[in-house]
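Trainee: Per the UniProt record's numbering, residue 1 is the first one in the sequence shown, and the count goes up by one each step. No residue lacks a Cβ here, since even glycine has one placed at the ideal position from N, Cα and C. Small disclaimer: the values here were computed from a predicted structure and weren't measured.
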Amino acid sequence: MSETLVKPVTLSDKAVKRIASILSKSPEATSLRVSVEGGGCSGFSYKYDLTSETEADDLVLERDGARVVIDQTSVVYLDGSIIDFVDDLMGQSFQIRNPNAVASCGCGTSFSI
1 MSETLVKPVT LSDKAVKRIA SILSKSPEAT SLRVSVEGGG CSGFSYKYDL
51 TSETEADDLV LERDGARVVI DQTSVVYLDG SIIDFVDDLM GQSFQIRNPN
101 AVASCGCGTS FSI
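#1: For VAL76, which of helix, strand or coil comes out of DSSP?
#2: Can you say whether SER26 is buried or exposed, counting buried as having 16 or more other CB atoms within 10 angstroms of its CB?
#3: What is the rounded straight-line gap between the Cα of VAL86 and the Cα of VAL16?
#4: Put ALA66 into one of helix, strand or coil per three-state DSSP.
#5: Give me the Cβ distance between ALA66 and ALA20, rounded to the nearest whole Å; I'm assuming they're in contact under 8 Å.
#6: When you compare each of TYR77, PRO99, VAL34, ASN98 to THR51 by their alpha carbons, which one comes out closest?
#7: Within a Cβ cutoff of 7 Å, which residues of the same chain sit near ARG97, ignoring the five residues on either side of it in sequence?
#8: THR51 bridges to which residues according to DSSP?
#9: Check the DSSP bridge columns for GLY43 and list the partner residues they point to.
#10: With distances taken from CA atoms, which of GLN72, SER24, TYR46, THR10 is nearest ALA56?
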């Protein structure tokens with residue numbers, strides 16, 4: 001019987017397309033690093049960085065030319081989350097649908113647990 005690897009964070013199709021597009025135009029970067037930091041108007045905030053560095057214990061999500069890396073500390077806060085890309089009247093942005101967040105700010109970049 002084979003074991004299935006469950007990834008605690010998933011990427012929407014729109015996020016995959018946008019990340020792949022960004023990485024294809026940035027030869028020095030191989031990944032989008034998503035992390036959670038203390039701060040923001042709700043206690044924690046999401047941070048996005050282009051990087052070519054990967055740590056041994058990073059969670060790595062790869063699909064169709066998109067590569068996302070998340071450090072183990074941030075994975076705890078992002079467990080079960082979906083990283084999405086939204087393009088609407090308010091603008092374009094990555095948004096994280098985090099089932100662990102009990103409150104978030106209006107801009108969607110900070111949250112509390």
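Mentor: Considering the structure as presented:
#1: helix
#2: exposed
#3: 12 Å
#4: strand
#5: 4 Å
#6: If you compare the alpha carbons of TYR77, PRO99, VAL34, ASN98 with that of THR51, the shortest gap goes to VAL34.
#7: Excluding residues within five positions, the ones whose Cβ falls inside 7 Å are SER81, ILE82, ASP84.
#8: Under DSSP, THR51 shares a beta bridge with SER31.
#9: Looking at the DSSP assignment, GLY43 forms no beta bridge with any residue, so it has no partner.
#10: GLN72
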